[in-house]
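Per my numbering, the very first residue in the sequence shown carries number 17; after that it's consecutive. Where a beta carbon is used, it is the ideal one built from N, C-alpha and C, also for glycine. What follows is one structure encoded as structure tokens, with my remarks underneath.
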Amino acid sequence: MSALRQRVAEAARRMSTLLVEDITLEAVFASLADLLATFVEATEVVVILREGRSWLRLAWVDGHFRRTVLAQLPTDNPLSIVIGDGIAREAREPAAMAMPLRIGDEAVGGFAVRSGALRFYDASDAAVIESLGPYVAVALRQRMLREQIDRERFRADHDPLTTLPNRGAFAAALTNALARVRRSGDRLAVLFIDLDGFKAINDRYGHEAGDAVLRSASRRLKRRLRTGDSVARLGGDEFATILRGIGTEVDARALAEEVRTALERPTSWRGNRVRVGASIGWAIAPRDGTEIAELLRRSDHRMYRDKRNRRERRARGSVK
Numbered sequence: 017m018s019a020l021r022q023r024v025a026e027a028a029r030r031m032s033t034l035l036v037e038d039i040t041l042e043a044v045f046a047s048l049a050d051l052l053a054t055f056v057e058a059t060e061v062v063v064i065l066r067e068g069r070s071w072l073r074l075a076w077v078d079g080h081f082r083r084t085v086l087a088q089l090p091t092d093n094p095l096s097i098v099i100g101d102g103i104a105r106e107a108r109e110p111a112a113m114a115m116p117l118r119i120g121d122e123a124v125g126g127f128a129v130r131s132g133a134l135r136f137y138d139a140s141d142a143a144v145i146e147s148l149g150p151y152v153a154v155a156l157r158q159r160m161l162r163e164q165i166d167r168e169r170f171r172a173d174h175d176p177l178t179t180l181p182n183r184g185a186f187a188a189a190l191t192n193a194l195a196r197v198r199r200s201g202d203r204l205a206v207l208f209i210d211l212d213g214f215k216a217i218n219d220r221y222g223h224e225a226g227d228a229v230l231r232s233a234s235r236r237l238k239r240r241l242r243t244g245d246s247v248a249r250l251g252g253d254e255f256a257t258i259l260r261g262i263g264t265e266v267d268a269r270a271l272a273e274e275v276r277t278a279l280e281r282p283t284s285w286r287g288n289r290v291r292v293g294a295s296i297g298w299a300i301a302p303r304d305g306t307e308i309a310e311l312l313r314r315s316d317h318r319m320y321r322d323k324r325n326r327r328e329r330r331a332r333g334s335v336k
């Protein structure tokens, strides 16, 4: 086998290993850049791939990964966006090569390299780049598809406003946590949280202010979490948490008060300081049960009792 064929075969072999590795798109691209630095002394690698109706531009420049979404390509020379600014054709500029990327007969994008160390690329360099093209296209498209699946799964399981897990994801997390309780004797507490005065903020300042309050509440709840805990937005102004290792009423009440204090701090909104209250109920497994319905029923009941008690205390205070 000639030296060129060996070089091409080794480059293709190393690139083919990326097709089976479970790594991120950025990691694939970093491996590609490292491979090209070895085989064609590339110091910059740029790839563009179609992503739905837009284009994804990936670049490895000066050891840094850059990712850009483009609405459209230049109509005069689409490869110019692949080659990038500065990869010029003039003799004083570093060597550069560009080629289309195909999967079978489908053109899916473009691929370019530049070398700051070389004055020009020769035919053997071009052969290496050409041999890598199909592997680059397939490896990157695989990761893009996986990212799309992950995004769709995230959207299905999370609230779009706060990015917290939604009711369905909370039910799944609680199911798993209760299975551990039954299996190993672990303990946990569920807090059911309802924001008081939220509707008044929406009515007075508008829904954007209400959204700001919900996002602020979600951040404060996440900051209260310990390793193994979880929080979800159940809908509207209702949230819930799963707190592992909490097995007594004293501990549950203490954590509920910490959460209440965090949530009742004012939120800034366009020069205004808006404030909500928090009514919180709790339930403990296995003391209050080991079934989801029972724990949610008990925590919901205690939340409404807390809301009623707080309302009565405010009423007595206003009478005085």
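Over what stretch of residues does the alpha helix (DSSP H) that includes residue i continue unbroken?
| i | result |
| --- | --- |
| Val44 | 41-55 |
| Val229 | 223-240 |
| Glu168 | 139-173 |
| Phe136 | Run containing Phe136: none; DSSP gives neither H nor E here. |
| Gly261 | That residue, Gly261, is in no alpha helix (DSSP H); it is neither H nor E in DSSP. |
Quick check on the DSSP output: the beta strand (DSSP E) that includes residue i runs from which residue to which?
| i | result |
| --- | --- |
| Ser131 | 122-131 |
| Val275 | Segment 265-279 is the alpha helix (DSSP H) holding Val275; no beta strand (DSSP E) there. |
| Arg69 | Neither: Arg69 is in no beta strand (DSSP E) and is coded neither H nor E. |
| Val197 | Careful: Val197 lies outside any beta strand (DSSP E), inside the alpha helix (DSSP H) at 183-200. |
| Leu86 | 80-86 |
| Ser284 | 283-285 |
| Ala294 | 293-301 |
| Val290 | 288-290 |
Going by Cα to Cα distance, which pick from the options is closest to residue i?
| i | options | result |
| --- | --- | --- |
| Asp322 | Gly287, Ile300, Arg276, Thr306 | Arg276 |
| Glu307 | Arg196, Arg240, Arg130, Ala272 | Arg196 |
| Ser47 | Gly79, Gln22, Ser234 | Gly79 |
| Arg303 | Ala294, Gly261, Arg329 | Gly261 |
| Ala346 | Arg231, Arg29, Ala53, Gln158 | Residue numbering for the chain in the displayed model covers 17 to 336; residue 346 lies beyond these limits and cannot be assessed. |
| Ala301 | Val44, Val290, Arg313 | Arg313 |
| Met115 | Phe136, Val85, Ser147 | Ser147 |
| Ile16 | Arg240, Ala155, Trp285 | Absent from the structure is residue 16, since the part of the chain shown begins at 17 and ends at 336. |
| Arg82 | Ala111, Ala49, Asp38, Arg69 | Ala49 |
Quickly, what does DSSP pair residue i with across the bridge? List them, please.
| i | result |
| --- | --- |
| Ser315 | DSSP lists no partner for Ser315. |
| Met113 | Val129 |
| Glu254 | Asp210, Gly251 |
| Glu328 | Looking at the DSSP assignment, Glu328 forms no beta bridge with any residue, so it has no partner. |
| Arg118 | Ala123 |
| Ser246 | Ile258 |
Is the Cβ of residue i closer than 9 Å to any Cβ of chain D?
| i | result |
| --- | --- |
| Arg169 | Protein chain content of the structure displayed is limited to a single chain, and chain D is not contained in it. |
Count the C-beta pairs between the region 253-262 and the region 206-213 that are closer than 8 Å, then say yes if the count reaches three, no if not.
A contact is defined here as three or more CB-CB pairs under 8 Å, and the region 253-262 meets this definition with respect to the region 206-213.
Do the region 172-187 and the region 46-60 make contact, defined as three or more Cβ pairs closer than 8 Å?
Output reads no: the region 46-60 does not touch the region 172-187.
Count Cβ pairs between the region 151-166 and the region 22-31 that sit closer than 8 Å; are there 3 or more?
The region 151-166, when compared against the region 22-31, does touch it at the 8 Å Cβ threshold.
Across the region 130-145 and the region 30-46, are there enough close Cβ pairs to call them in contact, namely three or more that are closer than 8 Å?
Contact between the region 130-145 and the region 30-46 is absent: fewer than 3 CB-CB pairs across the two stretches fall below 8 Å.
Evaluate contact between the region 234-241 and the region 182-191, counting only Cβ atoms and requiring at least three cross-stretch pairs below 8 Å.
Counting Cβ pairs under 8 Å, fewer than three are found: no touch.
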